[in-house]
Amino acid sequence: MNAIVAVSQNWAIGRDGKLLFRLSEDLKHFRSLTEGGTVIMGRKTLESLPKGQPLANRDNIILSAQPDIEVPGAAVVHSFDQALAMVQGRDRVFVIGGGSIYAKLLPYCQRAYVTMVDAKADADTYFPNLDRHPDWELFSASEPVADNGYTFRYLEYVRKAG
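The letter at position 73 of the sequence shown is residue 73 when you use the UniProt record's numbering, and the numbering goes up by one with no holes.
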């Protein structure tokens, strides 16, 4: 399983249920990595997507505590154990948010694709700082990319062996 996330320099990911950055180049990168795979997200992340609809060309799994929620085009589960059971044996699985979903599923991830935006952000939701996390190490970093007034890099972290 993989995590994929865009963060500010202080590892902020959102405020008031919204993403901090809208970067078309990063959205293309996100699409290229996740298309044809499975994405796991919380209900609030689903609601933040265009038209509140599941992502096209991916299997969507929505985690929600609401027992009666139905999402056409997606599987809805009500526990992390159910989500983990659904992705058992699948190759390309991406956790795409929000904050509580990342926190709960990051221990099951082997790789994290991080778009690091060269900006500090005032936020109420954060991703764990993988640079300070003993279980993670930086595997690769792209050259800086500029888009929509921001500069950012694509970082790939891997879980340390052992």
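Cβ atoms here follow ideal geometry from the backbone N, Cα and C, with glycine treated the same way.
- Message: Excluding the 5 residues flanking W136 on each side, which residues of the same chain have their C-beta closer than 8 angstroms to its C-beta?
- Response: Residues A112, L130, Y157, V158, R159 and K160 of the same chain have their beta carbon placed closer than 8 angstroms to that of W136, with the five preceding and five following residues left out of the count.
- Message: Given a cut-off of 8 angstroms on the beta-carbon distance, is the pair V145 and F139 in contact?
- Response: Against a cut-off of 8 angstroms, the Cβ pair of F139 and V145 comes out as no contact.
- Note the first and the last residue of the continuous beta strand (DSSP E) segment covering V158. Start and end: Y150 to R159.
- Query: Candidates A65, F21 and L23: which alpha carbon is nearest M41's?
  - Reply: Checking every option, the nearest Cα to that of M41 belongs to A65.
- Bridge partner(s) assigned by DSSP for R15: Answer by DSSP bridge pairing, in chain order: K18.
- If you check the beta carbons only, do R15 and D118 fall under 8 angstroms apart? It is not a contact, given that the beta carbons lie outside the stated cut-off.
- Query: Do you know offhand how far I60's Cα is from G162's?
  - Reply: As written in the sequence, residue 60 is Asn, which differs from the Ile given in the question. Roughly 31 angstroms between the two C-alpha positions.
- Could you tell me the boundaries of the alpha helix (DSSP H) in which L33 lies? Counting along the chain, the alpha helix (DSSP H) containing L33 begins and ends at S24 to T34.
- Task: Tell me whether the beta-carbon of R58 lies closer than 8 angstroms to the beta-carbon of G37.
- Result: Going by C-beta atoms, R58 is nearer than 8 angstroms to G37.
- A112 bridges to which residues according to DSSP? Looking at the DSSP assignment, A112 forms a beta bridge with A3 and Y157.
- Neighbourhood of K104 by C-beta distance below 8 angstroms, restricted to the same chain and skipping five residues each side: The answer, listed in chain order, is F80.
- Whose C-beta lies closer than 8 angstroms to the C-beta of G149 among residues of the same chain, with five residues either side of it excluded? Closer than 8 angstroms at Cβ, skipping near neighbours: no residue.
- Consult DSSP for G99 and reduce its assignment to one of helix, strand or coil. DSSP places G99 in helix when its eight states are reduced to three.
- Message: Can you give me the C-alpha to C-alpha distance between I101 and W11, rounded to a whole angstrom?
- Response: I101 and W11 have their C-alpha atoms roughly 15 angstroms apart.
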